[in-house]
Structure formats: structure tokens, C-alpha cells
Amino acid sequence: MIKVAILAPIGNSLYSLNTTQLLTQQKDVQVTVIVVRTPWNLARFRSEFKRDGVRLLRKVLNKWLLREKPLDFDGDETLLSPSKNIHLIEKTLGELAKNRDIPILTVSDHNQPESQIFLEKAAPDLIIFTGGGLIRENILRIPRLGVLNCHSGYLPKYRGMDVIEWAVLEAGGRKPEVGITLHYMDRGVDTGPILLQQKVELKKEDTFEGIRRRIEPMMVKLIIEGVCGLRDKTLQPKPQRPGDGRQFFVMHPRLQAVARNRLKKH
Amino acid sequence: MINFSHWVINQVEKVSNRSHSGEQIKDFVLKKYSWLVDGLGDMAEPNKAEIAHDLWQIYEVLFALGWVNTRTNLFNTYRAGKQISPSALLAWKKGLWDGKVIRAGVVKAGAGFYLNQFVLKVKNNQGSFVSDNLESLLKHVETRREHCLEAFDPIANENSIWLERLNIDLLFARIARRKKDPRFLNAALKLNDWYFSYFQRNATLPEMVRFLLVLTEQELAFKELYP
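Going down the list, the sequences are from chains S and E.
Under the numbering used here, think of the first position of the first sequence as 1, with each following residue one higher.
Under the numbering used here, think of the first position of the second sequence as 1001, with each following residue one higher.
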């Protein structure tokens, strides 16, 4: 038996809902607690707007106001398709927790003392991070095995932000190294030991937004595979060397335009 | 409803977009450069040699960009810039915080200028000294964004703070070309977007010339990385 806790960015995150639902269906996996962040507040919005600019508005629109409805139009390769297959009827983590008797705590920041006490009491073997800001040492040290995150880039080469765009931009005429990586979190940015990875093939007519939507269900599956592997003791984390990769940041619009052109030509 | 929401966001994006296109930068640089060259002879500027050296560098980059066609650089006599001896570089390095140019958001004055000199003049670049400090400066700029490069040690006054910032900006643009690392070009592009409004209003002459040098070096890096 492996005990896991879930950290979620927002109560109706489809990524968190899918991950939690699938975990509850695995043999000898117990979801002990869920910690979810409160919906957007002004301070967080201002801080994230400074970093992400207008694309934050798109994120809020899709994830909160429209409850990810735009994904509906994308056919079989988005989070909505596995949602149907795994009998996910709940719209929020609150409903899911209530229906399955899982204690849930709502916090404004995952690192706050209430969250720490709640998680320490639950004593999980593993915490699954499904989004919601930076995780600090006080939370990282709680689980026996560690905190798992699925990163939308191929580590160790592409750490940080906009890594799909950076991989395409840097590839030039070569095949871009686009992929996802399940890794333990540490104090660095995407520098913790790697558990599992999967490369993502690009398709004709792909857009960055489309690739992101397509990899979300793959990320959910990788988390499940990773948790089951840790439960069965068949996975060994592989440490990353700091010099094996670089940290990338939000891409400037002029470089984004170059990356979009390169993606079209790929 | 969905379409309307996306339309609103698109409009907000258009209004809040502060990035400058290559064409806008080219227009700005050529206009300001020509104005500066015309007016330089009459100016009683104490740093005239340094300014003229920057103008010499700008012209060389303009030629490499193909933005001017005549090879003759009016500032050829100012080709040699400020000379720094290897011992002066090492003396500056000794004054850092355990070899680090940045500590708790405060940047050592001269970081941009001296790191650039290390790259150019010290063959082995002192192991990871240069690359580690470049990464720290990059992280500082990318995480603090418009609040980056606000504090220097010793404290930079109003006359020198912009030159300190621009020297780091220049370092990024040159490192992007030298190391073929677009992350530094990315940071230079952002810095210059944030700085543009200041330079459209009230910059001093040395600041304006250095800004034009940064912009041209940025555009050369862009051209070389993405021809």
C-alpha cells in the first residue's frame, strides 16, 4: 500500500481531477488527503500577471470561468476524453473528496502552516503536485519518498517555462526534443531525480496550444505509472546533474514568432 | 460568450503589448544615430571619447546588419576603447561576494562591463566564474522582471545607474551571439522593451548612445541566431 496526497492549483482543475480519480482506482494506492488552493485572489493575480502577462487571462478564462470547456472541441486527445473513460462525474475536487471520504483542505498557498500541519498529520509516502506555485522545503520534506511533479519538457535539457517553444526554437532543422518528465521536486527548478520520461511526436498542423492540450492526458498517465511503479518498487529515480540542462524562462513575443514558424515548417 | 471573451482578451493583448518589432527598432536606431552624429561636434561633453567609441561600435554593427552601406566609419580615430589590464580585472574580481556579482538582489557595480572584459580578455574565463555569474544575472532579470537591476553596490547614482543596467543588457546581447544561447537574447529583448519608454523621453547623451549600442547588438544577435 502506498499513501499519496494531492496538491492542486484550483478546485476544478481537470488535470488534478483526472489524476486523483485515476489514483483512487489503483490497487493498493490510497489518496489520503487533498490540498487545494483558493480561486484567484488579487495578490496572486497581480504577481502572476507580472510574469505571464495576457496569457494569464487566457488561463483564467479556460481553467476557471469556462471550466476548460474549450477542450471539448479537440476530439479524443484532451483531458476530457479520459474523464469520460474513467467515469469522472464530479466537477470539483471538493465533490470528489466528499464522495470518496477524502479529507480536503483549501489554502491560499500550499506552503502555509495549515497546509504543512494537515499534510504532516496525513503522513503520505508521496505527494503528487498537480500545480499551484512554488513548493518550499517545509512541504518537500514531509513525504517519505518525495514530491512528484510531471514537467511538460524533456529533462534535463529543458527546465523551466515555455519549454515546448524553446525545444522547437532550438531544434532548427532537427527533430525537436519535446517530451514530458515525471520527477521528484527539490529546491531547484525541475532539477530533481527523474522517474519516468516520454517523448512526444509532433504532428502536421500542430500548434503550441494544441501540443499542450495533447500532452495533459499523457502527463496524467505518466503520474499513475510512476505511482504504481513506486508502489511495486520497480522504479529507481535517476539524479540529474546540474550542468546537464539549462533553465528557460517566458519567451519574448519575437522569439515566439520564430518558434511558431519553425513549428509550421516541421 | 466564449468568442466574446477571447475577443476581449485579444484586445487587451493588443493594448498591453509593449514589445517592439525589428522594424520599429531599426527606425528608432537610425533616426537617433543620425541625430547624435550631427550634434556631437557642438557638444561640450566630458565623456566625448567614450561616447565616440560607442558611436564607432554602433556604426560597425549597423554595417554588419546591412542598415548602412558605406564602409567608412566616421569615428575610426576612436576605435580603441577603455583599456583594462588583466590585473585590474582580477582586482575587481577580488571585491566580489565569494566570486558572485549578485547577492540578495543587489548587483556589484561594474558587473556588466567587467564580465564582458573577462569574456573577451581572459582565455579560460576563470573556470565557471563567468558562466555561473551570467546564469545568476539572467535569473535575476527573468524573475524580478521590471524590478530587476534596481540596486547596485556601491549604490549607483542617477547618472550611473542606467549605464550599469545597459552594460548588463549589452553583455546579454553579446553573450547570446558568442555562446549561441537564445536565453540571453530573450532577456535582452525584454529589458529593451521595458527601457524603451525611458529612452523615448529623457535620457542623457551617454545613456542614449549606450542604449543604441545595445539595440544594435541585440538585432545583430537576432539576425545571426535566426537568419
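Backbone N, C-alpha and C fix where the C-beta goes; we use that ideal spot for every residue, glycine too.
- Using beta-carbon distances, E:Val1101 does not count as an interface residue toward chain S, since no partner is under 7 angstroms.
- Residue contact with chain E for S:Phe45: absent (no Cβ-Cβ distance below 7 angstroms to any residue of chain E).
- Segment contact: the region 212 to 221 of chain S against the region 1184 to 1202 of chain E, fewer than three CB-CB distances shorter than 8 angstroms; contact not assigned.
- Residues of the same chain with a CB within less than 7 angstroms of the CB of S:Ile89, apart from the 5 flanking positions on each side, do not exist.
- Among the CB atoms of chain S, one or more fall inside 7 angstroms of the CB of E:Lys1190.
- Chain-ordered, the chain E residues with CB closer than 8 angstroms to the CB of S:Pro253 read Asn1017, Ser1019.
- Judged by their CB atoms, S:Ile164 and S:Val178 are nearer to each other than the 7 angstroms cut-off.
- Assignment of E:His1140 by DSSP, reduced to helix, strand and coil, places it in the helix class.
- If you look at E:Asp1153, you'll find it in the beta strand (DSSP E) that goes 1151 to 1153.
- Against E:Tyr1226, the close residues of chain S are Val258, in the order they occur along the chain (beta-carbon pairs closer than 7 angstroms).
- Beta-bridge partners assigned by DSSP to S:Leu7: S:Val35, S:Phe129.
- Secondary structure of E:Tyr1226 (DSSP, three-state): coil.
- Uninterrupted alpha helix (DSSP H) stretches at least 4 residues long and entirely within the region 110 to 182 of chain S occur at 113 to 122, 137 to 140, 163 to 171, given in chain order.
- S:Phe248: not part of any alpha helix (DSSP H); member of the beta strand (DSSP E) spanning 246 to 248, first to last residue.
- The three-state reading of DSSP puts S:Thr106 in strand, counting E and B together.
- Separation of the CB atoms of S:Gln240 and S:Leu222 is rounded to 17 angstroms, and the pair is thereby denied contact status at 8 angstroms.
- Closest in alpha carbon position to E:Arg1103, among E:Lys1093, E:Phe1152, E:Lys1094, E:Ala1052, is E:Phe1152.
- Taking the Cα positions, E:Lys1031 is about 33 angstroms away from E:Phe1118.
- For chain S, none of the residues of the region 1050 to 1083 of chain E brings a beta carbon within less than 8 angstroms of one of its beta carbons.
- Residue state for S:Val29 is assigned as strand, using DSSP reduced to three classes.
- For E:Glu1219, the closest Cβ of chain S is not nearer than 7 angstroms.
- It is roughly 27 angstroms from the alpha-carbon of E:Gln1024 to the alpha-carbon of S:Arg58.
- Secondary structure at S:Leu196: strand, using DSSP grouped into helix, strand and coil.
- Not one beta carbon of chain S lies nearer than 7 angstroms to the beta carbon of E:Ile1168.
- Not a single CB atom of chain S sits nearer than 7 angstroms to the CB of E:Arg1178.
- Selection S:Tyr154, S:Lys175, S:Val220, S:Gln112 evaluated against S:Glu137 yields S:Gln112 as nearest (Cα-Cα).
- At least 7 angstroms separates the beta-carbon of S:Glu120 from that of S:Ile102.
- Distance check between S:Pro242 and each of S:Lys27, S:Ser152, S:Thr191, S:Tyr15 places S:Thr191 closest, using alpha-carbon atoms only.
- Of the candidates S:Val60, S:Arg246, S:Leu42, S:His87, the residue whose Cα lies closest to the Cα of S:Glu170 is S:Arg246.
- In this structure, E:Gly1110 is the residue among E:Gly1110, E:Lys1121, E:Glu1142, E:Gln1200 with its C-alpha nearest to the C-alpha of E:Ala1156.
- Contacts with chain S at 7 angstroms (Cβ-Cβ) do not include E:Val1214.
- When rounded, the separation of the alpha-carbon atoms in S:Val31 and S:Gly133 is 21 angstroms.
- Rounded to whole angstroms, the separation of the alpha carbons of E:Leu1065 and E:Val1037 is 19 angstroms.
- Sequence-distant partners of S:Thr106 (beyond 5 residues in either direction) whose C-beta falls short of 7 angstroms from its own C-beta, in its chain, are Val36, Thr38.
- Restricting attention to beta strand (DSSP E) runs no shorter than 3 residues, the region 1022 to 1105 of chain E encloses none.
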